[in-house]
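Data first, discussion second: the structure below is written as structure tokens.
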Amino acid sequence: MTNSPTVIVLIGLPARGKTYISKKLTRYLNWIGVPTKVFNLGVYRREAVQSYKSFDFFRHDNEEAMKIRKQCAIVALRDVKSYLNEEGGQIAVFDATNTTRERRNLILSFAKENAYKVFFVESLCDDPEVIAANILDVKVSSPDYPERDRESVMEDFLKRIECYKVTYQPLDPDDHDKDLSFIQVINVGQRFLVNHVQDYIQSKIVYYLMNIHVQKHSIYLCRHGESQHNVQGCIGGDSELSSRGKEFSKALRGFLENQKIPDLKVWTSQLRRTIQTAEELGVPYEQWKILNEIDAGICEEMTYEKIKETHPDEYFLRDQDKYHYRYPGGESYQDLVQRLEPVIMALERQGNVLVICHQAVMRCLLAYFLDKSADDLPYLKCPLHVVLKLTPVAYGMCFYIKNTNQRSQQLSLNSFNDRLILKIVLALPSCIIAVNGAPVFEAQKSASIHHQTTPHGSGVLIKAF
Numbered sequence: 001m002t003n004s005p006t007v008i009v010l011i012g013l014p015a016r017g018k019t020y021i022s023k024k025l026t027r028y029l030n031w032i033g034v035p036t037k038v039f040n041l042g043v044y045r046r047e048a049v050q051s052y053k054s055f056d057f058f059r060h061d062n063e064e065a066m067k068i069r070k071q072c073a074i075v076a077l078r079d080v081k082s083y084l085n086e087e088g089g090q091i092a093v094f095d096a097t098n099t100t101r102e103r104r105n106l107i108l109s110f111a112k113e114n115a116y117k118v119f120f121v122e123s124l125c126d127d128p129e130v131i132a133a134n135i136l137d138v139k140v141s142s143p144d145y146p147e148r149d150r151e152s153v154m155e156d157f158l159k160r161i162e163c164y165k166v167t168y169q170p171l172d173p174d175d176h177d178k179d180l181s182f183i184q185v186i187n188v189g190q191r192f193l194v195n196h197v198q199d200y201i202q203s204k205i206v207y208y209l210m211n212i213h214v215q216k217h218s219i220y221l222c223r224h225g226e227s228q229h230n231v232q233g234c235i236g237g238d239s240e241l242s243s244r245g246k247e248f249s250k251a252l253r254g255f256l257e258n259q260k261i262p263d264l265k266v267w268t269s270q271l272r273r274t275i276q277t278a279e280e281l282g283v284p285y286e287q288w289k290i291l292n293e294i295d296a297g298i299c300e301e302m303t304y305e306k307i308k309e310t311h312p313d314e315y316f317l318r319d320q321d322k323y324h325y326r327y328p329g330g331e332s333y334q335d336l337v338q339r340l341e342p343v344i345m346a347l348e349r350q351g352n353v354l355v356i357c358h359q360a361v362m363r364c365l366l367a368y369f370l371d372k373s374a375d376d377l378p379y380l381k382c383p384l385h386v387v388l389k390l391t392p393v394a395y396g397m398c399f400y401i402k403n404t405n406q407r408s409q410q411l412s413l414n415s416f417n418d419r420l421i422l423k424i425v426l427a428l429p430s431c432i433i434a435v436n437g438a439p440v441f442e443a444q445k446s447a448s449i450h451h452q453t454t455p456h457g458s459g460v461l462i463k464a465f
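Heads up: the sequence shown begins at 1 in the UniProt record's numbering, then just goes up one per residue.
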């Protein structure tokens, strides 16, 4: 997708959401198939300086600390080079303050030596409420402040910000930096300034950043109610709901009436089983053709046993590489991800949304929100008659599991990554929901939610057993 590797360079004072932008952008780029990795300079600093004492480390006249910070940047850039030249990476996200022209010139020289493109993302914010909330939400749980109270953290961090302000040189689009490629994100997306976009991937980055927002909202995901083809074990097609599917639709209506979710939008595909599920809700809904189930081509409305019998070569090829395999005359999961990209953009900029969709579609959407790889995506289990509630938050990652009896179990708290609260908010007696094998409530069938930790943070996998 890119002619030469790209280094995305974050710029901004502390507590301006740079790490939030870095993590979210990296997740998006990996989801659309562009290998991307974050290099957070704070991680390198903490490795070089085992214990953080106070804001004095960030004073511009602290010569010893300045040498350490510059050396950390050089080490991080070496790792960027290894990733882009030797590990197959296409984009490296350099997550640091980068507030001086001297530091940015160092990065530009490094990129020129290695024939990399550079795209700057500067986060500017002068809203004191946003800054204070960011400090409390994020920095209190930072490794820099173990076992310290909120007041002392706030005091030290505000002084750290003042240290950076002394030497901060924002990008100058009218003169000094007019030839650079960048976007300035002003007050968490109230305004944007875009300058000299070089290529397709940079335009994708700009479009994505202009769609994300940080206002609290929830996304509800579920499959349609059980269909006649589900009962028969057939894939694809456009069958109607079974009696159990209709039961789920009624339960879903009761759930929404009890929750009283403000300004909820309901989206369906254009297939009958999702439309019939939504019609029972008694609320307006939008039909999206791009939410239709994956096209199985010549295998539509067949069972997997029938596919194995009549198209054994196709059955084998699909088993070897489920993500890239394309049904003859149909689609692959890779095709489906590309088709669903406008849905992701819309979900990022909307308020509360319920998406009633299909198994393959739900897998693709979950893979985006849970930062799952292409290898994992086709195997995410999305049971019928279960509603997932996803609430993106700024940092860390919290997962909860919750059923209609309001019992819940906390899975993880405050890891320093992109955070997502995930709850099961409705499940009919066709499923048992368990955490690491321990049932949360009784039912006939079973599913489990496993908490996984990866280099990119935590994740949840729903798996039948």
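Think of the CB as a built atom: it goes at the ideal place given N, C-alpha and C, for glycine as much as any other residue. These numbers come from a predicted model, not from an experiment.
From the options, residue whose alpha carbon lies closest to that of residue i
{"i": "F94", "options": "E86, G88, E87 and R103", "result": "R103"}
{"i": "Y168", "options": "L256, K306 and T97", "result": "T97"}
{"i": "V166", "options": "F58, D199 and E348", "result": "F58"}
{"i": "H217", "options": "P262, S22, V231 and Y145", "result": "P262"}
{"i": "Y323", "options": "G89, S373 and K81", "result": "S373"}
{"i": "V7", "options": "K70, F182 and S142", "result": "F182"}
{"i": "S243", "options": "C234, N258 and H229", "result": "H229"}
{"i": "D376", "options": "W31, P128, I11 and N3", "result": "W31"}
{"i": "V343", "options": "G33, D127, D56 and E286", "result": "E286"}
{"i": "R69", "options": "S203, G88, Y44 and N85", "result": "Y44"}
{"i": "F120", "options": "L171, V361 and D295", "result": "L171"}
{"i": "F110", "options": "A133, D79, E87 and D127", "result": "D79"}
{"i": "K204", "options": "G33, L388 and P392", "result": "G33"}
{"i": "residue 470", "options": "Q71, A251 and S269", "result": "As shown, the chain starts at 1 and ends at 465. That puts residue 470 outside it, with no answer to give."}
{"i": "A360", "options": "P284, S269 and M345", "result": "S269"}
{"i": "D335", "options": "R349, P378, P312 and E309", "result": "P378"}
{"i": "L388", "options": "L221, P173 and V206", "result": "L221"}
{"i": "A367", "options": "G351, R349, E341 and Q350", "result": "E341"}
Residue j beta carbon less than 9 Å from that of residue i
{"i": "R273", "j": "D238", "result": "yes"}
{"i": "C357", "j": "L291", "result": "yes"}
{"i": "G236", "j": "H385", "result": "no"}
{"i": "I219", "j": "V353", "result": "yes"}
{"i": "L380", "j": "R363", "result": "yes"}
{"i": "D144", "j": "Y20", "result": "no"}
{"i": "K81", "j": "N114", "result": "yes"}
{"i": "T277", "j": "F255", "result": "no"}
{"i": "L29", "j": "I91", "result": "yes"}
{"i": "Y304", "j": "L317", "result": "no"}
{"i": "I186", "j": "L193", "result": "yes"}
{"i": "V355", "j": "L347", "result": "yes"}
{"i": "M66", "j": "Y208", "result": "no"}
{"i": "I201", "j": "T99", "result": "no"}
{"i": "residue 467", "j": "N85", "result": "Residue 467 is absent from the model: the chain starts at 1 and stops at 465."}
Span of the alpha helix (DSSP H) around residue i
{"i": "I161", "result": "R150 to T167"}
{"i": "C364", "result": "Q359 to F369"}
{"i": "A65", "result": "E63 to E86"}
{"i": "A278", "result": "R272 to E279"}
{"i": "S123", "result": "Here S123 belongs to no alpha helix (DSSP H); instead the beta strand (DSSP E) covers K117 to L124."}
{"i": "I107", "result": "R101 to E113"}
{"i": "I11", "result": "Taken as a continuous stretch (DSSP letters only), I11 belongs to no alpha helix (DSSP H), being part of the beta strand (DSSP E) at T6 to I11."}
{"i": "K18", "result": "K18 to W31"}
{"i": "Q215", "result": "Taken as a continuous stretch (DSSP letters only), Q215 belongs to no alpha helix (DSSP H), as it is neither H nor E."}
{"i": "V231", "result": "Q228 to Q232"}
Cutoff 7 Å; reference residue i; Cβ partners in own chain excluding five residues on either side
{"i": "L271", "result": "D238, N292 and E293"}
{"i": "residue 475", "result": "The question about residue 475 has no answer here: the residues shown for the chain are numbered 1 through 465."}
{"i": "V188", "result": "G17, C125, V130 and V214"}
{"i": "S54", "result": "D156"}
{"i": "M302", "result": "C234 and I235"}
{"i": "N62", "result": "D56"}
Cut-off 6 Å between Cβ atoms - residues of its own chain near residue i, not counting five sequence neighbours on either side
{"i": "G17", "result": "S123"}
{"i": "L13", "result": "I161 and Y164"}
{"i": "G297", "result": "Y327, P328, G329 and G330"}
{"i": "T26", "result": "T36, V38 and V93"}
{"i": "C299", "result": "I307 and Y327"}
{"i": "T454", "result": "Caution is warranted here: a pLDDT of 30 is assigned to T454, below 50, making its placement in the model unreliable, and the coordinate value is therefore given only provisionally. If we look at T454 and ignore the five residues flanking it on each side, it has no Cβ neighbours."}
9 Å Cβ cutoff, residue i in contact with chain C
{"i": "I219", "result": "In the displayed structure, chain C is absent; only one protein chain is listed."}
Residue interval of the beta strand (DSSP E) (run including residue i)
{"i": "L221", "result": "I219 to R223"}
{"i": "Q338", "result": "Run containing Q338: none in the beta strand (DSSP E); it sits in the alpha helix (DSSP H), Y333 to R349."}
{"i": "F191", "result": "One detail in the question is off: residue 191 reads as Arg in this sequence, not Phe. R191 to N195 is the span of the beta strand (DSSP E), which, as asked, contains R191."}
{"i": "V93", "result": "I91 to D95"}
{"i": "V43", "result": "Here V43 belongs to no beta strand (DSSP E); instead the alpha helix (DSSP H) covers L41 to A48."}
Heavy atom of the ligand ATP within 8 Å of residue i beta-carbon
{"i": "P173", "result": "In the structure shown, the ligand ATP is absent, as is every other ligand, since no ligand is present at all."}
Own chain residues within Cβ distance below 8 Å of residue i, not counting five before or after
{"i": "Q406", "result": "With a pLDDT of 33 at Q406, under the threshold of 50, the modelled position of that residue is not reliable, and the figure given next carries that caveat. Nothing listed; no residue qualifies."}
{"i": "Q198", "result": "K117, F119 and S181"}
> Of all the beta strand (DSSP E) runs that stay within the bounds of the segment 240 to 312, which reach a length of 3 or more residues?
Replying inline: 265 to 268
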